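Taking this note's numbering, the leading residue of the sequence shown gets 7, the next gets one more, and so forth.
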Amino acid sequence: MVVYLDVVFAVNALMDGATLLAAARLGGVQVRKMRLIFSAALGGGYAVLGAVWPVLTLAPLRLLAGLGLCMIAFGRERHLARLCALYGVVAASFAGLAAALSAASGRMLLLSCGYYFAVPIQVLVLAAAVGYAASGILLCGDAKHGALHRETETLTIRFGTRQTAVRVLHDTGNDLTEPVSGKPVVVLERKAAECLLDTKLPFGSASAQLTALPENLAARCGLLPFHAVGTDGGLLLYFRPDSVLRADGTALDCVCAVSAVSIGQGAYEGLIGV
Numbered sequence: 007m008v009v010y011l012d013v014v015f016a017v018n019a020l021m022d023g024a025t026l027l028a029a030a031r032l033g034g035v036q037v038r039k040m041r042l043i044f045s046a047a048l049g050g051g052y053a054v055l056g057a058v059w060p061v062l063t064l065a066p067l068r069l070l071a072g073l074g075l076c077m078i079a080f081g082r083e084r085h086l087a088r089l090c091a092l093y094g095v096v097a098a099s100f101a102g103l104a105a106a107l108s109a110a111s112g113r114m115l116l117l118s119c120g121y122y123f124a125v126p127i128q129v130l131v132l133a134a135a136v137g138y139a140a141s142g143i144l145l146c147g148d149a150k151h152g153a154l155h156r157e158t159e160t161l162t163i164r165f166g167t168r169q170t171a172v173r174v175l176h177d178t179g180n181d182l183t184e185p186v187s188g189k190p191v192v193v194l195e196r197k198a199a200e201c202l203l204d205t206k207l208p209f210g211s212a213s214a215q216l217t218a219l220p221e222n223l224a225a226r227c228g229l230l231p232f233h234a235v236g237t238d239g240g241l242l243l244y245f246r247p248d249s250v251l252r253a254d255g256t257a258l259d260c261v262c263a264v265s266a267v268s269i270g271q272g273a274y275e276g277l278i279g280v
């Protein structure tokens, strides 16, 4: 069988790009376009080197190569390990699908160095474009008001001498505002709020949490009424941060509330309205 290295590069670069993009969408993070392109190109280059030197296709080296691609694509994301795991799951799914299609069609779709589809480059480009569009619609959502919207951003919140970066999910269902000022409310995971307040919050009602705070902290906090679908509503403890900065450096005038339940499951630490 004749293997064309340019086809190996193109196919594997496209597949690595699609895999990284899918992992980013499933992980609820945004990946920079140039990082994605560069990482995908390196993946294609690694496949070419694997075709020339088969020793590079050994499992430990392939694992290290995959981790390297994730580190390049996702940079210093706080949940890099989770994104790497998602990348591995998606890559294994794609490889399993290719193996099944190969067995069903009788055509070789997988080599030891990676994917190999002997089809015209125009077809590959079209398939990549369709895959990118489908992942954007099915995994990310349709614009800011789509029901499947899962966009996140990182906020830098400062309260007194404490400052932390918090990843928040854009939530169309979060329309909370402070009753007096009308400022929007960023709902934080308990651990993120405790980090900023520099104190442990007792489990229980928001009133009990407010009462347990030192006097200097309680003066900057309050109780916020809320109502969620399927519940009778209640109160949330909230506080007024000194500053909140978006990733682009612009200030966000808001207050922060402590979620009554666990949110994010490690993918994000807060909710912000859209």
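Backbone N, C-alpha and C fix where the C-beta goes; we use that ideal spot for every residue, glycine too. Nothing here was measured: the structure is a model prediction, and the numbers come from that model.
For residue i, the nearest candidate out of the options (CA to CA)
{"i": "A28", "options": "C90, V54, M40, L194", "result": "C90"}
{"i": "V267", "options": "C260, V261, G276", "result": "G276"}
{"i": "G81", "options": "V172, M40, F209", "result": "M40"}
{"i": "N180", "options": "F232, A101, T170, A214", "result": "F232"}
{"i": "Y274", "options": "D254, V191, L161, T256", "result": "L161"}
{"i": "G94", "options": "D254, T256, M21", "result": "M21"}
{"i": "V17", "options": "A101, L69, A214, A224", "result": "A101"}
Close Cβ partners of residue i (< 8 Å) along its chain, the five nearest in sequence each way excluded
{"i": "F15", "result": "G50, G51, A53, V54"}
{"i": "G236", "result": "Legend: pLDDT at G236 = 49, less than 50; position of this residue unreliable, value from coordinates given subsequently. Cβ neighbours of G236 beyond the five flanking positions: none."}
Nonlocal neighbours in the same chain, by C-beta distance under 7 Å from residue i, ignoring five residues either side
{"i": "A47", "result": "A19"}
{"i": "L42", "result": "G23, L26, L27, A79"}
{"i": "C227", "result": "L216, L219, L243, Y244, F245"}
{"i": "K189", "result": "T183, D259, C260, V261"}
{"i": "G272", "result": "H85, R88"}
{"i": "D204", "result": "R168"}
Within 7 Å, strictly: CB atoms of residue i and residue j
{"i": "L241", "j": "L258", "result": "no"}
{"i": "A79", "j": "L26", "result": "yes"}
{"i": "L182", "j": "A212", "result": "no"}
{"i": "S249", "j": "R196", "result": "no"}
{"i": "L75", "j": "S45", "result": "yes"}
{"i": "I278", "j": "V174", "result": "yes"}
{"i": "V193", "j": "A263", "result": "yes"}
{"i": "L202", "j": "R168", "result": "yes"}
Contacts around residue i, its chain only, beta-carbon distance under 6 Å, and the 5 residues preceding and following it disregarded
{"i": "V37", "result": "A30, A79"}
{"i": "M7", "result": "Because the pLDDT at M7 is just 48, under 50, the model does not fix this residue reliably, and the point stays unresolved."}
{"i": "A199", "result": "V264"}
{"i": "L11", "result": "V54"}
Residues bridged to residue i (per DSSP)
{"i": "T170", "result": "I163"}
{"i": "S99", "result": "Answer is none; S99 lacks a bridge partner."}
{"i": "G188", "result": "Note: G188 sits in no beta bridge, so no partner."}
{"i": "L251", "result": "T162, A257"}
{"i": "L277", "result": "L175, V193"}
Runs of alpha helix (DSSP H) lying entirely within the stretch 213-249, each at least 4 residues, in chain order: 221-224
What are the start and end residues of each continuous alpha helix (DSSP H) run of 4 or more residues lying completely inside the stretch 45-81, in chain order? 65-80
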